[in-house]
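Heads up: the first sequence begins at 403 in the numbering used here, then just goes up one per residue. We put the beta carbon where it would ideally sit given N, CA and C, even for glycine.
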Amino acid sequence: MPELPEVEIVKQSLNKIAKYKTIYKVLVNNRSLRFRVPENFENFLRKRKIIKISRRSKYVIFELDFEKFLILHLGMSGTIHLLKNNFKKNTNISFYHKKDLPENHNHLIFFFNKFKIIYNDPRRFGFVKIIESRSDLNIYFSKLGPEPFDKNFNSNYLKRKFKYSIKNIKNSLLDQTLVSGIGNIYASEILFRSRIDPLKKVKYLSIGEIRKIITKTKIVLNYAIKKGGSSIRDFKNLQGAKGSYQKEFKVYARDNFSCPNKGCKSKIIKININQRATYYCKKCQN
DNA sequence: AAGAGGCCCTGATAGC
DNA sequence: TGCTATCAGGGCCTCT
């Protein structure tokens, strides 16, 4: 489910709610997430204060007191839900009503004084991890490439990385060690707006094409954040409102629709690149 | 050592 | 309707 924009929305919502709050209890209903939730998870988090919530790539990072960290990855189908202990109207933040919570797969519940944060994940590709120090946190993320908005994600960097690589550009955009945070939806959207064939080998990209990819990446991701993320199946913000960026999709899941470029009479086609659906216009992207 | 493919898992949908 | 097959937004691991 979640790519960088969706995780960013989750992070922003969590900060509004849980910043400076203390977790007083954790309940683990199911330890079999992507990685097994450790036996000491509940005890470790009990009575810890959250200093702030941040994001790196598609990971949510809870910074706790005494320089400890909790990392959360939502995998393909993870969602976060807020539940107020005593639901009241007229509060300045709207909470999930209990009836809107999914019935199953509520694997983790974090109890706060006035609310609960619930981690739900049908496919269980998501995971949590405790990190014991800031240096361990840096080590954990050391293999990730730059954030798309980072100044290190620039044309010199990509030129160097692409010079001898025979990989296609679609797959390269999904490579988290090259640039972190882009997933399968936004990869197709970025390449359409850059007018580049997703199958093109990166060593053959011109400097102009490389610059275009960088610019369009920032534009697409930024705009998606502004629109509250994409809700293909089930992505909602923590208050249960859906994002709306899926309405802006030019190609993703739009096979057999007409190409949205003015004057182009081609249809959007769907192909598989390394087992992942890829959508593009053969006429505009080459 | 880069790059491709398998695999973890449940649920929604399509096709018969 | 009810079965089976396919596919879904991620990333780790293994093999070549």
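8 Å contact criterion, which residue i and residue j should meet: CB distance rounded
i	j	result
G630	S646	6 Å
N487	F517	6 Å
I675	N540	The Cβ separation is near 32 Å, so there is no contact.
K614	S596	4 Å
K427	R457	25 Å between Cβ atoms; not a contact.
F529	L435	5 Å
L623	Y682	L623 to Y682, Cβ: 18 Å. No contact.
P550	V581	6 Å
K421	I455	7 Å
I520	L485	6 Å
L546	S459	5 Å
Separation of residue j from residue i, as counted between CA atoms
i	j	result
G480	E405	11 Å
P524	N431	13 Å
G477	P662	31 Å
S660	N586	21 Å
G583	E410	10 Å
E591	T617	13 Å
K628	N639	13 Å
T680	Y606	20 Å
L376	N506	Limits of the chain in this structure are 403 at one end and 688 at the other, which puts residue 376 out of reach.
I463	T424	16 Å
N445	K531	14 Å
K565	N515	54 Å
R678	L576	10 Å
T579	K669	33 Å
N558	G610	12 Å
Y625	R450	35 Å
I495	H483	With a pLDDT of only 45 at I495, under the threshold of 50, the placement of this residue in the model should not be trusted; the figure read from the coordinates follows. So the two alpha carbons sit approximately 13 Å from each other.
K684	P504	41 Å
F555	V604	16 Å
K667	C686	10 Å
K470	I453	10 Å
I598	N658	19 Å
F461	K664	The sequence given here places Tyr at residue 461; Phe does not occur at that position. Each residue's Cα considered, the two are about 38 Å apart.
A655	N508	29 Å
A643	V412	12 Å
A589	I612	14 Å
R621	K672	The sequence given here has Ile at residue 621, not Arg. When rounded, the distance between both Cα atoms is 23 Å.
T619	R536	29 Å
Sheet register partners of residue i (DSSP bridge)
i	result
I452	L466
A679	N674
I511	L429 and I520
K486	F517
K669	S660
F471	E465 and I533
S434	R438
R457	V462
Reduced DSSP category for residue i - H, G, I as helix; E, B as strand; rest coil
i	result
V428	strand
N417	helix
Y654	coil
Y647	helix
L406	helix
L447	helix
I411	helix
Any non-hydrogen atom of the ligand PLP within 7 Å of residue i CB
i	result
V409	Summarising the ligand content, the structure contains no ligands, and the ligand PLP is consequently not present.
Quick one: which unbroken beta strand (DSSP E) runs of 3-plus residues sit fully inside the stretch 527-578? Chain order, please. 529-533
3-residue-minimum beta strand (DSSP E) runs that sit fully inside the stretch 576-630, ordered along the chain: none
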